[in-house]
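Novice:
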Amino acid sequence: MAFPNLDDSARDANLMAKTFSKLGIAVHGGGASLNLTGDQMVEEVDAFADTLRPGDEAFFFFSGHGIQLEGLNYLIPSDFDAKTESLAKRKAVDLYEQLEKLEQRNCRLVVMFLDCCRDTPSFITGEASKKSLNKGLAEMKVDTSGSTEIMVCFSTMHGKVSWTSPNGTTSAFTTALAEEIQRPAELSSVMKAVGRRVREDTKDEEQPQTPAIYGNLLNDYFLAGLPRSGGMDGLPQTSAFNSNTIQESVSSRLQRASKSDPFVNSLGMRFVPVEGTNVLFSVWETRVSDFMSFSENSSSRVSTDATVIVHSDSEPIKLFEGRPDLAYRACGFPQGPDHPVVCVTPENARAFCDWLSKKEGVIYRLPSDAEWSCAAGLDESKNVLLSPAEKSVTFALQGIQSVPPGSDVGNLLGKEASGKFYNIQSRTVMSPFSSHMDAYVFTAPVGTYPPNLNGIFDIFGNVKELTISIYNPSLPESHQDNGYSVRGSSFRTNELNGVSLSTRTALQRGQGFYEFGFRVVIESPSVR
66 MAFPNLDDSA
76 RDANLMAKTF
86 SKLGIAVHGG
96 GASLNLTGDQ
106 MVEEVDAFAD
116 TLRPGDEAFF
126 FFSGHGIQLE
136 GLNYLIPSDF
146 DAKTESLAKR
156 KAVDLYEQLE
166 KLEQRNCRLV
176 VMFLDCCRDT
186 PSFITGEASK
196 KSLNKGLAEM
206 KVDTSGSTEI
216 MVCFSTMHGK
226 VSWTSPNGTT
236 SAFTTALAEE
246 IQRPAELSSV
256 MKAVGRRVRE
266 DTKDEEQPQT
276 PAIYGNLLND
286 YFLAGLPRSG
296 GMDGLPQTSA
306 FNSNTIQESV
316 SSRLQRASKS
326 DPFVNSLGMR
336 FVPVEGTNVL
346 FSVWETRVSD
356 FMSFSENSSS
366 RVSTDATVIV
376 HSDSEPIKLF
386 EGRPDLAYRA
396 CGFPQGPDHP
406 VVCVTPENAR
416 AFCDWLSKKE
426 GVIYRLPSDA
436 EWSCAAGLDE
446 SKNVLLSPAE
456 KSVTFALQGI
466 QSVPPGSDVG
476 NLLGKEASGK
486 FYNIQSRTVM
496 SPFSSHMDAY
506 VFTAPVGTYP
516 PNLNGIFDIF
526 GNVKELTISI
536 YNPSLPESHQ
546 DNGYSVRGSS
556 FRTNELNGVS
566 LSTRTALQRG
576 QGFYEFGFRV
586 VIESPSVR
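Mapped onto this note's numbering, the consecutive letters of the sequence shown carry residue numbers 66 to 593.
This is the structure in structure tokens:
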């Protein structure tokens, strides 16, 4: 016997695909996969798992029919037709097996959203077999002993059924999930809000529907950025304050900031002083969550006619189609909230700094070329303003002798990314460093690799970083406008001169690129 069609499931899947894209989460295949057979479902999960790298955050959404047999959960494909329990197990898709595939990729986080606990038809023959087929799904047993954090979310409690949606609408669970997940709150708090909404929206049914969550998250995950207040859900927030007192506190914290005790702002960004400058440097490249807070809470919309290049496996140049200020959400590869933001134009990077300055009451800006050199460990005595041709190769971390450095030092174009990138000028496939392999094809979460002696992470590799200085390959700076100076190397760097700290390239006004990011500094009279 086959299961009845669920028209709302396709609507659910399409809605969540659009929602994930809005959040900057890459959707496998570019959109929802609908009405898959059993073989197709398994193949899709296999292909999705193959795209994951250690440290990634993976999200799995399924809407449709699901059953439990002997305490195990199964997803029902479109070609399911079974009259016996043994045949049902072969025709259905084992949920635990799919979860295990994702967990084995050593992801940082795996989340499953399962809107599939519809009423189960009695299709298995034989009384003994019927007893093993209960309503809804079985309680999910999640192994929390590994390094991967796992959350499995059912649209209703185990052993219960969820209600089908009215014609032309999405289910109560998916509707609430798609809206709540876009709010700037921690993921566990988001799911609590989803649960409250679903129970309220189904209160008139015979039995109100209550979502269930299995697993235990040890860290906080903000898919839509931090709350505007900068606080954490569940912690008491001050409802009134004296702005002068707050400002004095910030000034004091800026003055005492050190490598061991950094200044931390409301977005969770950390800043340390750097010798030879009058600024505090962000220890991390600006994260997706930081920029998302700006994008969602600022009225600034600049660079509307910008040109932004996003990644493509199949073509050398792929331009982002849409509003350029939202290109960071669809850069062509998976990005978590703690990955460095990319595809940002110089204008939007400066708009972020202006927004953050007004929000925090101190001056944020991009670093100058010379300040970046100091943060990298190249002080004036080492000719920070000389061109690459005039100085010897100096690496980001002291003591590195080999070229390229080992996989535990930084995120470069290694063997794991073979065939993934094109040279923009020649439009040929770029070759990786033959002796280098790290854990990431694209960006790594900020702070994955060791900091330099100044306490700055990812000066070497991950993404190239925009500065406020005008680019001139011969530096010191002239008044000739060749775009903005971009410093450092990236996950796409595959040349020996590219790993030199003195390497510079340019980013023109109104342009963005998928290997370019930025970090910010705090400028204040109190910083020494």
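All residues carry an ideal CB built from backbone N, CA and C; glycine is no exception.
By the DSSP assignment, the alpha helix (DSSP H) with SER151 in it spans what residues?
Specialist: To locate residue 151, count along the sequence shown from 1; it is residue 86. SER151 -> alpha helix (DSSP H) spans 150-156.
Novice: Is it buried or exposed, LYS206, if we count other Cβ atoms within 10 angstroms and call 16 or more buried?
Specialist: Numbered from its first residue, the sequence shown carries residue 206 at position 141. Burial call: exposed.
Novice: Helix, strand or coil: which one does DSSP assign to LEU572?
Specialist: Start at 1 with the first residue of the sequence shown, and residue 572 comes out as number 507. DSSP places LEU572 in strand when its eight states are reduced to three.
Novice: Between ALA395 and SER86, is the Cβ-Cβ spacing less than 8 Å?
Specialist: The count along the sequence shown starts at 1 and reaches residue 395 at position 330. The count along the sequence shown starts at 1 and reaches residue 86 at position 21. Yes. Within cutoff.
Novice: Taking the alpha-carbon positions, what's the VAL592 to PHE417 distance?
Specialist: Start at 1 with the first residue of the sequence shown, and residue 592 comes out as number 527. Start at 1 with the first residue of the sequence shown, and residue 417 comes out as number 352. Annotation note: pLDDT 48 at VAL592 (below 50); position unreliable, coordinate value reported separately. Straight-line Cα distance between these residues: approximately 21 Å.
Novice: Shortest alpha-carbon distance to THR235 belongs to which of GLN105, ILE132, LEU345, ALA75?
Specialist: Looking up residue 235 in the sequence shown gives position 170. That would be ALA75, whose Cα lies nearest to the Cα of THR235.
Novice: Using 8 Å as the threshold, is the C-beta distance between PRO405 and THR508 below it?
Specialist: Taking the sequence shown and counting its residues from 1, one reaches residue 405 at position 340. Taking the sequence shown and counting its residues from 1, one reaches residue 508 at position 443. Yes, Cβ-Cβ distance for PRO405 and THR508 is below 8 Å.
Novice: Looking at the secondary structure, which residues open and close the alpha helix (DSSP H) in which SER358 lies?
Specialist: To locate residue 358, count along the sequence shown from 1; it is residue 293. That run of the alpha helix (DSSP H) goes 353-362.
Novice: I'd like the list of long-range same chain contacts for LEU252, defined as Cβ closer than 6 Å, with 5 residues on each side in sequence excluded.
Specialist: Stepping through the sequence shown from its first residue, residue 252 is reached at position 187. Cβ within range, chain order: TYR286.
Novice: Can you tell me whether GLN267 is buried or exposed, with buried defined as 16 or more other CB within 10 angstroms of its CB?
Specialist: Locating residue 267 in the sequence shown gives position 202, counting from the first residue. Note that residue 267 is Thr in the sequence shown here, rather than Gln. That one is buried.
Novice: Between which two residues does the alpha helix (DSSP H) carrying TYR161 extend?
Specialist: What you label residue 161 is simply residue 96 of the sequence shown in a count that begins at 1. Per DSSP, TYR161 belongs to the alpha helix (DSSP H) from 160-168.
Novice: Excluding the five sequence neighbours on either side, which residues of its own chain have a C-beta within less than 7 Å of the C-beta of ASP77, listed in chain order?
Specialist: Position 12 of the sequence shown, counted from the start, is the residue given in the question as residue 77. Taken in chain order, the residues that qualify are SER128, ASP180, THR235, SER236, THR239.
Novice: Sort VAL551, LEU242, PRO381, GLY520 by Cα distance to ILE489 and report the nearest one.
Specialist: Numbered from 1 along the sequence shown, position 424 holds the residue referred to as residue 489. If we check each option's Cα against that of ILE489, PRO381 comes out closest.
Novice: Over the uninterrupted alpha helix (DSSP H) stretch that includes PHE85, give me the two end residues.
Specialist: Residue mapping note: residue 85 aligns to position 20 of the sequence shown, counting from 1. 72-87 is the extent of the alpha helix (DSSP H) around PHE85.
Novice: If you pair each beta-carbon of the segment 214-225 with each one of the segment 267-282, do three or more pairs fall below 8 Å?
Specialist: yes
Novice: Given this structure, state the Cα-to-Cα distance separating ALA193 from LEU174, to the nearest angstrom.
Specialist: Reading the sequence shown from its first residue, position 128 is the one you call residue 193. Reading the sequence shown from its first residue, position 109 is the one you call residue 174. Note that ALA193 scores 42 on pLDDT, short of 50, meaning its location in the model is unreliable; the coordinates nonetheless yield the value given after this. Cα to Cα, ALA193 sits roughly 39 Å from LEU174.
Novice: On the DSSP bridge assignment, give the partners of ASN138 in chain order.
Specialist: On the sequence shown, position 73 is the one that residue 138 refers to. Under DSSP, ASN138 shares a beta bridge with GLN133.
Novice: Apply the 10 Å Cβ neighbour rule to GLN272 and answer buried if 16 or more other Cβ atoms are within range, or exposed otherwise.
Specialist: Within the sequence shown, residue 272 is the residue found at index 207, counting from 1. Burial is judged here by how many other beta carbons sit within 10 angstroms of a residue's own beta carbon; GLN272 has fewer than 16 and is exposed.
Novice: Classify GLU386: buried if its beta carbon has 16 or more other beta carbons within 10 angstroms, exposed otherwise.
Specialist: Position 321 of the sequence shown, counted from the first residue, corresponds to residue 386. Exposed is the call here.
Novice: Check each candidate in SER254, GLU245, THR275 and name the one with the smallest Cα separation from HIS223.
Specialist: On the sequence shown, residue 223 is found 158 positions in, with the first residue counted as 1. Comparing Cα-Cα distances from HIS223 to each of SER254, GLU245, THR275, the minimum goes to THR275.
Novice: My output table needs one value for SER254: the three-state DSSP class, helix, strand or coil.
Specialist: Taking the sequence shown and counting its residues from 1, the one referred to as residue 254 is at position 189. SER254: helix per DSSP, three-state reduction.
Novice: Applying the 10 Å Cβ sphere with the 16-neighbour rule, what's the burial state of GLY95?
Specialist: The residue given as residue 95 occupies position 30 in the sequence shown. Exposed: under 16 other Cβ atoms inside 10 Å.
Novice: Determine, using beta carbons only, whether VAL339 and ASN519 come nearer to each other than 8 Å.
Specialist: As a position in the sequence shown, residue 339 is number 274, starting the count at 1. As a position in the sequence shown, residue 519 is number 454, starting the count at 1. With a cutoff of 8 Å on beta-carbon distance, VAL339 and ASN519 are scored as near each other.
Novice: Give every residue of the same chain whose Cβ lies closer than 6 Å to the Cβ of SER98, excluding the five residues on either side of it in the sequence, and list them in chain order.
Specialist: For the purposes of this step, residue 98 is taken as the residue at position 33 of the sequence shown. Same-chain partners within the cutoff: GLU109.
Novice: Going by the CB atoms, is the gap between ALA243 and VAL263 shorter than 8 Å?
Specialist: For the purposes of this step, residue 263 is taken as the residue at position 198 of the sequence shown. For the purposes of this step, residue 243 is taken as the residue at position 178 of the sequence shown. For the 8 Å CB-CB criterion, VAL263 and ALA243 do not form a contact.
Novice: Can you tell me which of the three DSSP states VAL585 falls into?
Specialist: As a first step, residue 585 must be located in the sequence shown, where it is residue number 520. Reduced to three states, the DSSP call for VAL585 is coil.
Novice: Looking only at its own chain, which residues have a Cβ that is under 6 Å from the Cβ of PRO327, when we skip the five neighbours before and after it?
Specialist: Taking the first residue of the sequence shown as 1, we reach residue 327 at position 262. Closer than 6 Å at Cβ, skipping near neighbours: ARG335, PHE336, VAL337.
Novice: Please look up how many angstroms separate the CB atoms of LEU477 and PHE486, rounded, as I've assumed it's under 8 Å.
Specialist: By 1-based counting over the sequence shown, the position of residue 477 is 412. By 1-based counting over the sequence shown, the position of residue 486 is 421. In fact, because the Cβ distance is near 12 Å, the residues do not count as touching under 8 Å.
Novice: Would you report the Cα separation of HIS93 and GLU122, rounded to the nearest angstrom?
Specialist: Looking up residue 93 in the sequence shown gives position 28. Looking up residue 122 in the sequence shown gives position 57. Straight-line Cα distance between these residues: approximately 13 Å.
Novice: To the nearest angstrom, report how far apart ILE524 and VAL407 are at their CA atoms.
Specialist: As a first step, residue 524 must be located in the sequence shown, where it is residue number 459. As a first step, residue 407 must be located in the sequence shown, where it is residue number 342. Cα to Cα, the separation comes out at about 15 Å.
Novice: Could you have a look at SER98 and say whether DSSP puts it in helix, strand or coil?
Specialist: Counting from one through the sequence shown, the residue named residue 98 turns up at place 33. DSSP places SER98 in coil when its eight states are reduced to three.
Novice: When DSSP labels each residue in this structure, what does ARG318 get in the three-state scheme?
Specialist: Here the question's residue 318 lines up with position 253 in the sequence shown. DSSP places ARG318 in helix when its eight states are reduced to three.
Novice: Sort out for me which residues DSSP pairs ALA277 with in a bridge.
Specialist: Position 212 of the sequence shown, counting from 1, holds the residue named residue 277. DSSP, once it has assigned bridges, lists PHE219 as partnering ALA277.
Novice: Do you know whose CA, among HIS376, ASP355, GLN400, lies nearest LYS424's CA?
Specialist: Within the sequence shown, residue 424 is the residue found at index 359, counting from 1. Out of HIS376, ASP355, GLN400, the CA that lies nearest to the CA of LYS424 is found in ASP355.
Novice: Is the separation between the beta-carbon of PHE498 and that of VAL348 shorter than 8 Å?
Specialist: Position 433 of the sequence shown, counting from 1, holds the residue named residue 498. Position 283 of the sequence shown, counting from 1, holds the residue named residue 348. Not a contact, by the Cβ cut-off of 8 Å.
Novice: Mind checking which residues open and close the alpha helix (DSSP H) that includes ASP56?
Specialist: Outside the displayed range of the chain (66 to 593) lies residue 56, so it cannot be described from this structure.
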